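This report concerns only the one structure given below.
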Amino acid sequence: MLKQMLEDRDVTSGCIKTSFQQHVYKMQNCIEVLGIETKSLQVENDQIVTGYIVDQSIFLKSLQCGKTNIAFTDGVNKATVQVFVRPSGEIVVEAKPYLGDAEIVLVYYRTILADTAIAIDLKGALKHYLVTHQMMNNDDSIAEVHYQSMHPKVLKDSYAGNFILGCYPDGREITNAEEYALANRLATLKFSKIVIQQQGIKKMIVLKMLLTFMITDHVFVNNEEILDCLIEDTIKQEPSHLMLV
């Protein structure tokens, strides 16, 4: 309760100091972003923001600074979007899509530096998925990951073959030292290329994939514990997805 009061006080004080201007934010109305194609939406606090749907787009308009949630539905299933309106009127959104039959990759944190720090194990989680689906061997390593992020506030688009951290829900950048802010958040990534190192030879996984990363707040000491705790997927795919690069 005290934490919430302090956060609300920070938002209110920011509104007094900054000149507010209404902004319009456009987001895609598609399965890749929301897990559904939205037919209707409901704003929790319509004093903060208003929203409307036009064809395959959703438009949000800021009314005053603050935070609220919006529920999106296709008539059966529901997705939610957290909306943060800055004192300037700028809108920051973070979508929590309807998961349905999405391919889920669980991501855990692991300890580093003699258990004094934690790091998000994105490559470890992706490797486990690829090993489980017979696209690489456990002795192989991931050299590059190339993807477009459907939820850039959680994980941004890849850069130079690397995973890139996103932002806090209010839009502030996340640094490596603050990456635990990603705990309990979701990001769907559209992969275009994954390069692995196999017995000293680089090979490319040519299968294009759309995967949803579910980042948990669990921390493990070593990779063996992570592998033991990840949910095993029984779906088997043909292992003929590799080509030399």
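Heads up, our numbering is the position in the sequence shown plus 306, with the first residue counted as 1.
Every residue, glycine too, gets a C-beta built ideally from N, C-alpha and C.
Treat the numbers as computed from the prediction; the structure is a model and nothing was measured.
- Task: Would you mind sorting G381 into buried or exposed? The rule is 16 or more other CB atoms within 10 Å of its CB.
- Result: Here residue 381 refers to the residue found at position 75 when the sequence shown is read from its first residue. Exposed: under 16 other Cβ atoms inside 10 Å.
- Measuring CB to CB, does V389 end up less than 8 Å from L405? Here residue 389 refers to the residue found at position 83 when the sequence shown is read from its first residue. Here residue 405 refers to the residue found at position 99 when the sequence shown is read from its first residue. Between V389 and L405, the gap from beta carbon to beta carbon reaches 8 Å or more.
- Query: Below 8 Å between beta carbons: does that hold for G467 and V501?
  - Reply: The residue labelled residue 467 in the question sits at position 161 within the sequence shown. The residue labelled residue 501 in the question sits at position 195 within the sequence shown. G467 places its beta carbon less than 8 Å from that of V501.
- With C-beta atoms as the reference, is M520 less than 8 Å away from V355? As a working note, residue 520 is residue 214 in the sequence shown. As a working note, residue 355 is residue 49 in the sequence shown. Cβ atoms of M520 and V355: not closer than 8 Å.
- Message: Measuring only the C-alpha atoms, how far is L371 from E338?
- Response: As a first step, residue 371 is located in the sequence shown; it is residue number 65 there, counting from the start. As a first step, residue 338 is located in the sequence shown; it is residue number 32 there, counting from the start. Contrary to the premise, residue 371 reads as Cys rather than Leu in this sequence. About 28 Å.
- Task: Could you pull out every residue in the same chain whose Cβ sits closer than 8 Å to the Cβ of V560, ignoring the five residues on either side in sequence?
- Result: Because the chain spans 307 through 551 in this model, residue 560 falls outside it and cannot be assessed.
- Item | Coil, strand or helix - S325 by DSSP | Working through the sequence shown from its first residue, we reach residue 325 at position 19. In the three-state reduction of the DSSP assignment, S325 falls in the coil class.
- Counting along the chain, where does the alpha helix (DSSP H) carrying V431 start and finish? Locating residue 431 in the sequence shown gives position 125, where the first residue counts as 1. Just to set this straight, residue 431 is Ala in the shown sequence, not Val. For A431, the enclosing alpha helix (DSSP H) has its first and last residue at 428 to 438.
- Message: Please report the distance separating the alpha-carbon of Y331 from that of I397.
- Response: In the sequence shown, the residue the question calls residue 331 occupies position 25. In the sequence shown, the residue the question calls residue 397 occupies position 91. If you draw a straight line from the Cα of Y331 to the Cα of I397, it comes to about 6 Å.
- Task: Have a look at A449 and Y358 and give me their C-alpha separation to the nearest angstrom.
- Result: Along the sequence shown, one-based indexing puts residue 449 at 143. Along the sequence shown, one-based indexing puts residue 358 at 52. When the Cα atoms are used, A449 and Y358 turn out to be separated by approximately 42 Å.
- Task: Let me know the beta strand (DSSP E) ranges lying completely inside the stretch 445 to 523, each 3 residues or longer, listed in chain order.
- Result: Complete beta strand (DSSP E) runs here, min 3: 447 to 455, 461 to 465, 468 to 471, 491 to 504, 507 to 511.
- Item | Assigned exposure category for S614 - 16 Cβ within 10 Å defines buried | In this structure the chain extends from 307 to 551, so residue 614 is not present and cannot be described.
- Task: Using beta-carbon positions only, say whether L369 and Q353 come within less than 8 Å of one another.
- Result: Here residue 369 refers to the residue found at position 63 when the sequence shown is read from its first residue. Here residue 353 refers to the residue found at position 47 when the sequence shown is read from its first residue. The answer is yes: Cβ separation under 8 Å.
- Item | Cβ-based burial, R392 [other Cβ within 10 Å; buried from 16] | The residue you call residue 392 lines up with position 86 of the sequence shown. That one is buried.
- Task: Determine the DSSP secondary structure at R416, reduced to helix, strand or coil.
- Result: As a position in the sequence shown, residue 416 is number 110, starting the count at 1. R416: strand per DSSP, three-state reduction.
- Between N375 and Q440, what straight-line distance do the alpha-carbon atoms span, to the nearest angstrom? As a first step, residue 375 must be located in the sequence shown, where it is residue number 69. As a first step, residue 440 must be located in the sequence shown, where it is residue number 134. Rounded to the nearest angstrom, the gap between the Cα atoms of N375 and Q440 is 40 Å.
- If I'm right that S498 touches H434 with Cβ under 8 Å, what's the distance once you round it to whole angstroms? As a working note, residue 498 is residue 192 in the sequence shown. As a working note, residue 434 is residue 128 in the sequence shown. The pair is not a contact, with the Cβ atoms about 21 Å apart (cut-off 8 Å).
- Task: May I have the straight-line CA-CA distance separating A377 from M515, to the nearest angstrom?
- Result: Here residue 377 corresponds to residue number 71 of the sequence shown, with the count starting at 1. Here residue 515 corresponds to residue number 209 of the sequence shown, with the count starting at 1. For A377 and M515, the distance between alpha carbons rounds to 27 Å.
- Nearest-angstrom Cβ-Cβ length linking T344 and T386, presumed shorter than 8 Å: Residue numbering aside, residue 344 sits at position 38 when the sequence shown is read from its first letter. Residue numbering aside, residue 386 sits at position 80 when the sequence shown is read from its first letter. No, T344 and T386 are not in contact; Cβ-Cβ is about 11 Å, not under 8 Å.
- Query: On the premise that T494 lies in contact with T518, defined as a C-beta separation below 8 Å, what is that separation, rounded to the nearest angstrom?
  - Reply: Stepping through the sequence shown from its first residue, residue 518 is reached at position 212. Stepping through the sequence shown from its first residue, residue 494 is reached at position 188. That pair is a contact at about 5 Å.
- Just how far apart, CA to CA, sit K509 and Q503? Position 203 of the sequence shown, counting from 1, holds the residue named residue 509. Position 197 of the sequence shown, counting from 1, holds the residue named residue 503. So the two alpha carbons sit approximately 6 Å from each other.
- Item | Top-ranked residue by Cα proximity to L347, from K496, N443, L461, N383 | If you number the sequence shown from 1, residue 347 lands on position 41. Looking at K496, N443, L461, N383, the one whose alpha-carbon comes closest to that of L347 is N383.
- Item | Check whether V460 and L428 have beta carbons under 8 Å apart | Locating residue 460 in the sequence shown gives position 154, counting from the first residue. Locating residue 428 in the sequence shown gives position 122, counting from the first residue. Pairing V460 with L428 gives a Cβ-Cβ distance that is not under 8 Å.
- Query: Looking only at C-alpha atoms, which of F326, M442, A401, S394 sits nearest to V512?
  - Reply: Taking the sequence shown and counting its residues from 1, one reaches residue 512 at position 206. Proximity to V512 across F326, M442, A401, S394 peaks at M442, based on C-alpha coordinates.
- Grouping DSSP H, G and I as helix and E and B as strand, with all else coil, what is V527? The residue you call residue 527 lines up with position 221 of the sequence shown. Here V527 sits in coil by DSSP.
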